[in-house]
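Number of protein chains: 2
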Amino acid sequence: MNFVQYINSFVPLSTEVAEELLSKSQKQHLPKHYLLHKDGEICQKIYFIEKGLARWYYYNEDGKDITDSFGLENSFITAFDSFFQRKPSRYLIELLEDSTVYSMTYADLDQSFEKFPEVQRVSRLILIQILEQMLDKNAALQFNNARQRYRFITEKHPDLLQRVALGHIASFLGITQETLSRIRAKK
Amino acid sequence: MNFVQYINSFVPLSTEVAEELLSKSQKQHLPKHYLLHKDGEICQKIYFIEKGLARWYYYNEDGKDITDSFGLENSFITAFDSFFQRKPSRYLIELLEDSTVYSMTYADLDQSFEKFPEVQRVSRLILIQILEQMLDKNAALQFNNARQRYRFITEKHPDLLQRVALGHIASFLGITQETLSRIRAKK
DNA sequence: TTGATTTTTTGATTTTCGTCAAAAGATTTT
DNA sequence: AAAATCTTTTGACGAAAATCAAAAAATCAA
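So the sequences go chain by chain: A and B. Residue 956 is where the first sequence starts when you use the numbering used here, and the numbers rise one by one after that. Residue 956 is where the second sequence starts when you use the numbering used here, and the numbers rise one by one after that.
Right, here's the structure in full:
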């Protein structure tokens, strides 16, 4: 499923708009470990992951690498704070697998907003999806112990356990890798 | 500052649009403890807090009341998942002080989208502000101990410590009230 | 396929924080 | 102003999870 088909499944698009979006976007195959976005820069592109996997992370005060979220197939990923607000971001985005992605620059997206106001609906939709994902994660972390956090992963994102290094999942859940490993052992 | 002036400071609005928004909105004085939104319902209104304070919360599986965020002066609050997606929400919103708020219904906002596409920009702006606030909080909780979480409050929202019951702040930070009280004592 | 590197597991120990209980302090109500 | 209710603090204790260290397992590269 390409990204226009994906969007179309939520917000029906006119062929005009569908063509506009496709023509402005770029399809790429990129290797594992490729950085979609580096920290300190203003993020220029929004990506749709057709195949593959990305993670969104930052370094905390202790220099520890902390994963904030994952970008699975059929999802959009960008440094959201940076991309929409046009300011540098502390976050990085890296691919965890060889991936196929569509990308679109901010400038092109902005032009499409002007030409076709309904594209604004699309961006609102994407933002709301991100927001909901974050609410979910927030609720999973805020007042839950390590075992409950692990359950969040096994229930909502079981595939990640197969595909992602344990350390990334541990920092995503806000627990240490050792604790996560032990919890996983007894069950 | 009313909400149109507030928006105008980010996204310059034509007088036409400013008047549209003002005419569709309603200014109200509401008392402490008033529920702006009840759980289980589809949230019909988005609120702008001109004066006062609200909190956004839910009940977890153990029935514990957990504060997810606060709505301070000059910010928008609604059950975001519910309002924009038109589905029931597990969250509640209550006023913590006598407040002055502007409200606008989803139906009216939607009509304004149609009439004035630039209003879509406004709603994108609001969403991004919420998103950033959530990212911030996320980073503050994800891998930090109780003392670091407390520092997040003292640095970013010191006024809340004066205005809000400790229990609400504790659940917002994902720690117990006793722990928060002890941390506060020694410093 | 062998060695090098990275990732995961396991163990011992320490620290942090939650839980339960009760007292002290505020605030609201009558 | 006294009583009732709600909020915050304090103490003792135990459970959960972090830290440090090292071994085992898996993956990658030559």
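Quick reminder that beta carbons are idealized off the backbone N, C-alpha and C, glycines included. All values reported here derive from a predicted model rather than from experimental measurement.
What residue from the options has the CA that sits closest to residue i's CA?
i       : options                               : result
B:K1111 : B:R1079, B:D1091, B:E1049 and B:N1100 : B:D1091
A:A1125 : B:Q1097, B:S1044 and B:E1016          : B:Q1097
A:Q1088 : A:T1131, A:Y1046, A:V1119 and A:F1025 : A:F1025
A:I1001 : A:D1023, A:F958 and A:A973            : A:F958
B:D1053 : B:L1008, B:R1076, B:M956 and B:D1065  : B:L1008
B:D1036 : B:H992, B:Q1103 and B:T1055           : B:H992
B:G1129 : B:E975, B:N1100, B:A1140 and B:P1043  : B:N1100
A:L1027 : A:K979, A:P967, A:L1050 and A:H984    : A:L1050
A:Q1132 : A:R1102, A:A1094 and A:K1042          : A:R1102
B:I1032 : B:M1059, B:D1020 and B:L977           : B:M1059
A:T1055 : A:L990, A:F1003 and A:I1108           : A:F1003
A:R1045 : A:A973, A:D994, A:I1108 and A:V966    : A:D994
B:A1140 : B:P1113, B:Y1105 and B:F1127          : B:Y1105
B:K987  : B:L977, B:K1006 and B:F965            : B:K1006
B:F1071 : B:S964, B:Q960, B:Y1057 and B:T970    : B:T970
A:C998  : A:Y1013, A:A1034 and A:N963           : A:A1034
A:K1042 : B:N1029, B:Y1061, B:D1023 and B:I1083 : B:I1083
B:N934  : B:P1113, B:L1116 and B:S1078          : The displayed coordinates of chain B run from 956 to 1142. Any statement about residue 934 of chain B would go beyond what the structure contains.
A:F1011 : A:Q983, A:I1085 and A:S1067           : Per the sequence shown, the amino acid found at residue 1011 of chain A is Trp instead of Phe. The residue with the shortest Cα to Cα distance from A:W1011 is A:I1085.
A:A1094 : B:L1080, B:R1076 and B:E1016          : B:E1016
B:H984  : B:L1115, B:Y1057 and B:H1123          : B:Y1057
B:F1039 : B:A1062, B:Y1013, B:N1029 and B:I1048 : B:A1062
B:K982  : B:R1118, B:D1114, B:M956 and B:L1080  : B:M956
B:L990  : B:Y1013, B:S978, B:L977 and B:S980    : B:Y1013
Using a Cβ-Cβ distance cut-off of 9 Å, determine whether residue i contacts chain A.
i       : result
B:D994  : no
B:S1116 : In the sequence under discussion, the amino acid at residue 1116 of chain B is Leu, which differs from the Ser named in the question. No, B:L1116 does not count as interfacial toward chain A.
B:P1072 : yes
B:K982  : no
B:F1068 : yes
B:Y1013 : yes
B:A1120 : no
B:Q999  : no
B:N957  : no
B:S978  : no
B:S1126 : yes
Starting from residue i and walking both ways along the alpha helix (DSSP H), at which residues does that stretch end?
i       : result
A:F1107 : A1101 to K1111
B:V1074 : E1073 to Q1097
B:G1122 : L1121 to L1128
B:V959  : F958 to N963
A:S1136 : Q1132 to A1140
For the beta strand (DSSP E) containing residue i, list its first residue and its last residue.
i       : result
B:L1031 : A small correction: the amino acid at residue 1031 of chain B is Phe; Leu does not occupy that position in the sequence shown. It spans S1030 to I1032 - the beta strand (DSSP E) in which B:F1031 sits, taken as one unbroken run.
A:K982  : Q981 to L985
A:S1058 : S1054 to T1060
Let me see if you follow: with CB-CB separation under 9 Å, is residue i close to chain B or not?
i       : result
A:S964  : no
A:G1129 : yes
A:Q1075 : yes
A:S1136 : no
A:A1094 : yes
Starting from residue i, follow its DSSP beta bridges and name the residues at the other end.
i       : result
A:D1020 : A:Y1014
B:L992  : The question names Leu, but residue 992 of chain B in the sequence shown is His. Answer is B:I1048.
A:G1026 : A:A1009
A:Y1002 : A:I1032 and A:S1058
**Request:** Quick one: which residues of the segment 1077-1089 of chain B get their C-beta closer than 7 Å to a C-beta of chain A? List them in chain order.
**Result:** S1078, R1079, L1082, I1083, I1085, L1086, E1087 and M1089
**Asked** Which residues, taken in chain order from the segment 1019-1039 of chain A, show a beta carbon closer than 8 Å to some beta carbon of chain B?
**Response** Hits within the stretch, in order: K1019, I1021, D1023, F1035, D1036 and F1039.
**Asked** Using a Cβ cut-off of 7 Å, which residues of the segment 1096-1108 of chain A contact any Cβ in chain B, in chain order?
**Response** Along the segment 1096-1108 of chain A, going in chain order, the ones with a CB nearer than 7 Å to a CB of chain B are L1096, Q1097 and F1098.
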